[in-house]
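Participant: Encoded as structure tokens, here's the structure I'll be asking about.
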Amino acid sequence: MQLWVGLGNPEPSMSRQRHNIGFMAVDEIASRFGFSPWRKRFRGEVAEGRVGDAKVLLLKPMTYMNASGDSVREAATFYKISPDAISVFHDELDLAPGKVRVKRGGGAAGHNGLRSTDRQLGAPDYWRVRLGIGHPGSRERVHGWVLGDFAKAEQPALATLLEAVANAAPLLAGGEPEQFMTKVALLTGGKTDDPAESGKTKQGTMNQGKAEPGQDRARKTGMRD
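Counting from 11, one number per residue, gives the positions in the sequence shown under the numbering used here.
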């Protein structure tokens with residue numbers, strides 16, 4: 011089983027914020043592949059299903075961003091899922107809107123949800139699906155940017171991105187992160203070759219056995235996240 015985690019904040023008023031794009035991504039995947047209804051478990055909400063040939067548990071921690079790792083650890087411990095079978099979908103300031111990059115391991119880069127997950131899993135060696143939201147241009151504007159809603163003008167591109175991520179998800183589930191990124195780029199009209207961004211994906215492949223998978227920038231988001 012693979013554990014796919016979408017990061018976000020649980021309040022309905024926060025549902026369209028840039029910081030919640032991880033929730034949006036796993037919601038789209040659940041809808042696309044006919045997952046079970048969401049139910050409360052592991053201090054979050056879970057849905058079960060299959061993506062391609064892989065059995066996947068989707069998780070949305072309901073702990074607020076700062077404590078996301080508590081929920082991830084509980085689910086991973088219960089199902090005995092190792093870090094290399096975990097993929098975390100999260101917002102990424104250092105990628106332009108619509109860009110997606112996958113890497114295994116690395117630093118939290120100021121992201122409180124990743125920092126919590128690193129701490130609770132005891133290692134950073136899980137997969138990160140980085141969903142670009144762009145940078146507002148200055149450190150002072152970061153807090154308001156990530157906790158702000160996607161603008162009306164951004165909605166069509168956001169919908170295209172989420173659909174592309176879901177469409178390409180079987181490649182991610184099958185342990186092909188490079189091909190996953192390529193397909194997302196093709197579906198969104200983006201470039202397909204950016205080795206500098208791909209980072210660590212070429213250093214190992216995602217585990218497809220019993221435990222399947224799934225810079226330091228000043229980015230203080232605060233607000234219980």
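We treat Cβ as the ideally placed atom computed from N, Cα and C, and that holds for glycine.
Between which two residues does the alpha helix (DSSP H) holding ASP104 run?
Facilitator: That residue, ASP104, is in no alpha helix (DSSP H); it is neither H nor E in DSSP.
Participant: Within this structure, are the beta carbons of ASP104 and ILE31 separated by less than 8 angstroms?
Facilitator: Not closer than 8 angstroms, so no.
Participant: Just to confirm the assignment, what range does the alpha helix (DSSP H) spanning GLY16 have?
Facilitator: Per DSSP, GLY16 belongs to no alpha helix (DSSP H); it is in the beta strand (DSSP E), 12-16.
Participant: Using CA atoms only, rank isn't needed, just tell me which of PHE99, LYS50, GLU84 and TYR74 is closest to TRP14.
Facilitator: Cα-wise, what sits closest to TRP14 is PHE99.
Participant: Can you tell me whether LYS109 is buried or exposed, with buried defined as 16 or more other CB within 10 angstroms of its CB?
Facilitator: Buried, since its Cβ has 16 or more Cβ neighbours within 10 Å.
Participant: Is it true that the CB of ALA64 sits closer than 8 angstroms to the CB of SER46?
Facilitator: In this structure, ALA64 does not lie closer than 8 angstroms to SER46 by Cβ.
Participant: When the distance is taken between beta carbons, is ALA118 closer than 8 angstroms to ARG111?
Facilitator: Contact flag unset, no.
Participant: Assuming GLY16 contacts HIS29 (C-beta within less than 8 angstroms), just tell me the rounded distance between them.
Facilitator: Actually they do not touch by this definition, with Cβ atoms about 11 angstroms apart.
Participant: Do you know how far the Cα of ALA163 is from the Cα of LYS90?
Facilitator: Their Cα atoms are separated by approximately 43 angstroms.
Participant: Determine contact between the stretch 67-81 and the stretch 147-167, defined as no fewer than three beta-carbon pairs at a distance below 8 angstroms.
Facilitator: As far as the Cβ criterion goes, the stretch 67-81 does not touch the stretch 147-167, which means the pair count is below three.
Participant: Expressed to the nearest angstrom, what Euclidean distance is found between the alpha-carbon atoms of GLY142 and ALA133?
Facilitator: Approximately 24 angstroms, taken between the alpha carbons.
Participant: To the nearest angstrom, how far is the alpha carbon of PRO22 from that of GLN189?
Facilitator: Their Cα atoms are separated by approximately 34 angstroms.
Participant: Using the three-state DSSP reduction, which class does ILE91 fall into: helix, strand or coil?
Facilitator: In the structure shown, ILE91 sits in coil (DSSP, three-state: anything other than H, G, I, E or B).
Participant: Determine which residues share a DSSP beta bridge with LYS50 and list them.
Facilitator: Answer is GLU55.
Participant: For PRO71, name the three-state secondary structure that DSSP assigns.
Facilitator: Reduced to three states, the DSSP call for PRO71 is strand.
Participant: Compare the C-alpha of ALA40 against each of LEU197, GLN165, PRO180 and ALA167 and name the closest.
Facilitator: For ALA40, the nearest C-alpha among the options comes from PRO180.
Participant: Can you grab the Cα-Cα spacing for the pair ARG51 / VAL61, in whole Å?
Facilitator: Cα to Cα, ARG51 sits roughly 21 angstroms from VAL61.
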